[in-house]
Amino acid sequence: MAQFYLPDRKVTKEMRYQLGYALADLAYEYDKIVALDADLRSSTGLHIFEHYHPAKLVKVGIAEQNLIAVAAGLSQEGYIPFPCTFDAFSRRYMDHLYITVAYSRLNVKIIGAYAGLFTGKSGATHQSDKELGFLLRVPNLTVIEPGCNLEMAQALRIGVETQGPFYFRVVRCEVEDNELFDGYQLKVGKGVTAYDEGTDIGFVTTGYMIKTAKIAADKLRKQGIRVRIDHHPSLKPFDRDLLYDMASKVSCMVTLENHCISGGLYSLVAEALVARGIGLPVGAIGTDPDDYIHTGHVDDLLWRYKMTSDDVVAKAVETLKLKAAS
Amino acid sequence: MHYHSEALIRDLSGKAQQFRIETLRMVYAGQTGHIGGAFSAAEILAALFFHHLRIDPDRPHWPERDRLLFSKGHACAALYSAMAYRGFFPVEELMTFRKLDSRLQGHPDPSKLPGIEVCSGPLGHGVAVGVGMALAQRMGDAKPSAQSAPSGRASAGRTYVILGDGEINAGIVWEGVMAAAKYRLGNLCAILDYNGIQQTGAMADVMPTEPIVDKWESFGWHAQEIHGHNVGEILNALDRADEVHARPSVIIARTTKGKGVSFMEYDNRWHGMPPNQEQFTAALAELEEGLRQWH
Numbered sequence: 044m045a046q047f048y049l050p051d052r053k054v055t056k057e058m059r060y061q062l063g064y065a066l067a068d069l070a071y072e073y074d075k076i077v078a079l080d081a082d083l084r085s086s087t088g089l090h091i092f093e094h095y096h097p098a099k100l101v102k103v104g105i106a107e108q109n110l111i112a113v114a115a116g117l118s119q120e121g122y123i124p125f126p127c128t129f130d131a132f133s134r135r136y137m138d139h140l141y142i143t144v145a146y147s148r149l150n151v152k153i154i155g156a157y158a159g160l161f162t163g164k165s166g167a168t169h170q171s172d173k174e175l176g177f178l179l180r181v182p183n184l185t186v187i188e189p190g191c192n193l194e195m196a197q198a199l200r201i202g203v204e205t206q207g208p209f210y211f212r213v214v215r216c217e218v219e220d221n222e223l224f225d226g227y228q229l230k231v232g233k234g235v236t237a238y239d240e241g242t243d244i245g246f247v248t249t250g251y252m253i254k255t256a257k258i259a260a261d262k263l264r265k266q267g268i269r270v271r272i273d274h275h276p277s278l279k280p281f282d283r284d285l286l287y288d289m290a291s292k293v294s295c296m297v298t299l300e301n302h303c304i305s306g307g308l309y310s311l312v313a314e315a316l317v318a319r320g321i322g323l324p325v326g327a328i329g330t331d332p333d334d335y336i337h338t339g340h341v342d343d344l345l346w347r348y349k350m351t352s353d354d355v356v357a358k359a360v361e362t363l364k365l366k367a368a369s
Numbered sequence: 002m003h004y005h006s007e008a009l010i011r012d013l014s015g016k017a018q019q020f021r022i023e024t025l026r027m028v029y030a031g032q033t034g035h036i037g038g039a040f041s042a043a044e045i046l047a048a049l050f051f052h053h054l055r056i057d058p059d060r061p062h063w064p065e066r067d068r069l070l071f072s073k074g075h076a077c078a079a080l081y082s083a084m085a086y087r088g089f090f091p092v093e094e095l096m097t098f099r100k101l102d103s104r105l106q107g108h109p110d111p112s113k114l115p116g117i118e119v120c121s122g123p124l125g126h127g128v129a130v131g132v133g134m135a136l137a138q139r140m141g142d143a144k145p146s147a148q149s150a151p152s153g154r155a156s157a158g159r160t161y162v163i164l165g166d167g168e169i170n171a172g173i174v175w176e177g178v179m180a181a182a183k184y185r186l187g188n189l190c191a192i193l194d195y196n197g198i199q200q201t202g203a204m205a206d207v208m209p210t211e212p213i214v215d216k217w218e219s220f221g222w223h224a225q226e227i228h229g230h231n232v233g234e235i236l237n238a239l240d241r242a243d244e245v246h247a248r249p250s251v252i253i254a255r256t257t258k259g260k261g262v263s264f265m266e267y268d269n270r271w272h273g274m275p276p277n278q279e280q281f282t283a284a285l286a287e288l289e290e291g292l293r294q295w296h
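As they're listed, the protein sequences go chains Y and U.
Taking the working numbering, the leading residue of the first sequence gets 44, the next gets one more, and so forth.
Taking the working numbering, the leading residue of the second sequence gets 2, the next gets one more, and so forth.
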């Protein structure tokens with residue numbers, strides 16, 4: 044496919060392309076929106092934004108620290124900048140995010156694209172499964188990880204309409220238009236019960252993994268195991284109230300994230316439960332914190348890191364056994 | 002080019018010396034802070050705050066103001082001194098430097114002190130952030146304002162970045178430099194406080210940067226090289242930079258680290274070390290003696 048391909052927006056389900064369209068739409072409403080690219084826009088979908096708003100795209104080249112710092116300067120002059128590069132390259136600009144943007148609470152909206160496993164075969168250098176360990180501990184930063192295109196578009200709008208630093212962790216690949224329900228509205232600091240068959244086990248999801256969780260829950264239903272799924276697109280702030288509600292009703296949980304099993308969603312859940320002395324077994328689906336994501340087809344990676352729906356089913360059964368034994 | 006009177010030059014030179022005295026007092030009182038790089042920047046700050054910059058201490062967010070990004074944030078004692086004397090806050094507040102809950106944080110913090118344009122400390126951000134600000138001015142409808150600077154300049158807000166020479170070791174600086182040239186940001190002016198010494202030694206030893214003028218010019222900037230403690234040269238260079246419209250400008254100000262105190266000059270140990278009582282007394286005496294020549 045051509046490098047600057049403009050797919051039919053009514054057909055494509057790739058989050059990266061729908062993001063390009065969604066941001067372009069918002070820029071018609073809010074003329075202070077600008078986007079910044081570090082030589083990746085033909086991958087991240089920002090080439091679509093550029094197609095509609097060429098004067099509003101700033102190209103800084105392969106210079107991720109500059110990407111964030113220039114965005115910081117633009118934000119101080121009343122613009123709403125969306126610097127966008129791979130989520131993996133947040134590693135390169137962390138100081139600029141932590142100090143230049145977040146310490147001064149600047150109105151910068153960072154897009155971390157190609158998050159996690161669902162990126163292609165680039166391997167460890169371009170893949171991101173550890174970064175929440177830092178991002179979730181940046182003061183003043185709101186971190187949202189949408190799992191479908193509806194959430195993604197809603198998240199971008201909230202970012203535009205809310206003052207302060209935002210980070211959107213988004214995937215490259217195909218997702219559903221809407222993984223939740225008709226009339227769903229994403230809210231900062233709020234999770235949502237996306238699936239409620241019962242209270243044998245609770246799944247806690249963020250981002251892409253809502254899809255895997257629902258497939259696994261359907262499989263578990265056939266085994267007579269009833270699952271409630273709570274989806275948390277808002278990782279920072281995190282909806283502890285919803286988590287405690289689930290904890291009061293289920294006997295054990297499994298967390299699912301497009302990230303390693305430490306420093307991200309699993310840690311958010313563990314910290315919240317321990318803070319209240321709630322001793323449920325919690326299984327974790329995600330990559331290994333002691334390894335890198337190696338090159339491979341995404342199906343092979345999901346199999347390697349035990350993140351398929353069958354792996355989720357197995358983890359749920361294992362966690363239920365753990366609960367039964369305790 | 003404007004004419005700068007002898008009286009103006011003497012006045013600004015005296016103010017620079019006053020900033021050195023305040024810096025010494027602040028760092029001694031708190032037993033913390035960076036003297037060497039503050040002393041080298043004093044004339045630059047005096048020329049900017051008291052003549053060249055179009056700013057209003059009562060309106061620190063005035064949209065048409067000139068923006069000053071003090072990228073070498075560790076030397077902020079001098080910046081704070083200049084801001085206090087210019088009226089951004091009371092001079093007495095200088096003694097709260099680096100104390101808990103002070104607005105005068107160890108490195109400048111725009112969320113605490115109005116008038117600070119960038120949070121600087123981790124070195125290198127200033128040019129890049131300045132690029133964003135200058136670019137925004139270009140993208141918007143910046144128009145000349147009726148209110149002019151003390152110098153009589155009347156132009157839409159320009160962006161000035163004061164950099165240290167150790168700071169330009171950092172790659173992010175050159176990312177900003179390249180972007181500024183790409184976008185032809187004639188409304189951006191960098192001033193390089195080129196004192197030749199960084200924390201752990203001479204620049205020639207830590208990371209050589211010569212030929213420095215050639216470097217900036219080859220990156221597409223207009224470059225001037227001046228004596229950084231000669232107020233007349235600073236003022237002329239700032240005027241000249243104003244006239245460069247199609248490229249960003251840099252003024253490479255050759256300065257002396259620790260300028261003004263004989264035992265502090267050219268010595269990297271005074272990068273970040275506070276003086277003891279004996280050293281304070283001796284330094285103060287030299288600075289006050291130096292101040293007398295301007296009055």
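We treat Cβ as the ideally placed atom computed from N, Cα and C, and that holds for glycine.
- Taking C-beta separations shorter than 7 Å and ignoring five residues to either side along the sequence, the partners of Phe177 (chain Y) in its chain run Met137, following chain order.
- In the three-state reduction of the DSSP assignment, Thr55 (chain Y) falls in the coil class, being assigned neither a helical nor a strand state.
- Per DSSP, the continuous beta strand (DSSP E) segment holding Asn301 (chain Y) begins and ends at 296-303.
- Inclusion of His96 (chain Y) and Ala115 (chain Y) in the CB contact set at 9 Å is not warranted, their separation being larger than that value.
- The stretch 155-162 of chain Y and the stretch 339-355 of chain Y touch, with no fewer than 3 CB-CB distances between them shorter than 8 Å.
- DSSP lists no bridge partner for Ser72 (chain U).
- Collapsing the DSSP output to three states places Ala171 (chain U) in coil.
- Listed along chain Y are Val103, Asn109, Val113, each with a C-beta nearer than 7 Å to that of Ala180 (chain U).
- At a C-beta separation below 8 Å, Cys120 (chain U) has these neighbours in chain Y: Ile142, Thr143, Tyr146, Ser147.
- With the rule of 3 Cβ pairs closer than 8 Å, the stretch 277-293 of chain U counts as touching the stretch 254-267 of chain U.
- Sixteen is the threshold: since fewer than 16 other Cβ atoms of the shown chains lie within 10 Å of the Cβ of Leu101 (chain U), the residue is exposed.
- In terms of beta-carbon proximity, Ala315 (chain Y) stays away from the interface with chain U, with every pair separated by 9 Å or more.
- Your pair Val113 (chain Y) and Leu79 (chain Y) checks out as a contact, with CB atoms roughly 6 Å apart and the cut at 8 Å.
- Secondary structure at Leu223 (chain Y): coil, using DSSP grouped into helix, strand and coil.
- When secondary structure is reduced to three states using DSSP, Tyr4 (chain U) falls in the coil class, being assigned neither helix nor strand.
- In the three-state reduction of the DSSP assignment, Ser14 (chain U) falls in the helix class.
- Distance from the CA of Tyr60 (chain Y) to the CA of Ala198 (chain Y), rounded to the nearest whole angstrom, comes to 15 Å.
- As the crow flies, the alpha-carbon of Leu136 (chain U) is around 49 Å from that of Glu279 (chain U).
- Contact between Ala182 (chain U) and Gly221 (chain U) holds: their C-beta atoms lie close to 3 Å from each other, under 8 Å.
- The alpha helix (DSSP H) runs lying completely inside the stretch 257-317 of chain Y and spanning 4 residues or more are 283-290, given in chain order.
- Take the alpha-carbon of Val317 (chain Y) and the one of Ile336 (chain Y): they are about 29 Å apart.
- Residues of the stretch 85-119 of chain U with a C-beta atom less than 8 Å from some C-beta of chain Y are Asp110, Pro111, Ser112, Glu118, Val119, listed in chain order.
- Using a Cβ-Cβ cut-off of 9 Å, Val251 (chain U) does not count as an interface residue toward chain Y, since no Cβ of chain Y sits closer than that to its own.
- If you check the CB distance, Glu222 (chain Y) and His169 (chain Y) do not come in under 9 Å.
- No residue range can be given for Leu149 (chain Y), since it is assigned to no beta strand (DSSP E) and is classified by DSSP as neither H nor E.
- Sequence-distant partners of Cys295 (chain Y) (beyond 5 residues in either direction) whose C-beta falls short of 8 Å from its own C-beta, in its chain, are Ile244, Gly245, Leu323, Pro324, Val325, Gly326, Thr362, Leu363, Leu365, Lys366.
- Between Met350 (chain Y) and Thr255 (chain Y) the beta-carbon gap is near 7 Å, inside 8 Å, which marks them as a contact.
- For His94 (chain Y), the enclosing alpha helix (DSSP H) starts and ends at 89-95.
- Neighbourhood of Pro123 (chain U) in chain Y, by CB distance below 7 Å: Asp138, Ile142, in chain order.
- It is roughly 6 Å from the alpha-carbon of Val181 (chain Y) to the alpha-carbon of Tyr141 (chain Y).
- When the five nearest sequence neighbours on each side are left out, the beta carbons in the same chain lying within less than 7 Å of the beta carbon of Glu118 (chain U) are those of Arg68, Leu69, Leu70, Pro111, in order along the chain.
- Secondary structure of Cys190 (chain U) (DSSP, three-state): strand.
- For Gly329 (chain Y), the uninterrupted beta strand (DSSP E) run begins and ends at 325-330, by DSSP.
- One alpha carbon belongs to Val103 (chain Y), the other to Val312 (chain Y), and they sit about 38 Å apart.
- DSSP places Arg200 (chain Y) outside any beta strand (DSSP E); the residue lies instead in the alpha helix (DSSP H), whose first and last residues are 192-204.
- With fewer than 16 other beta carbons inside 10 angstroms of its own, Asn277 (chain U) counts as exposed.
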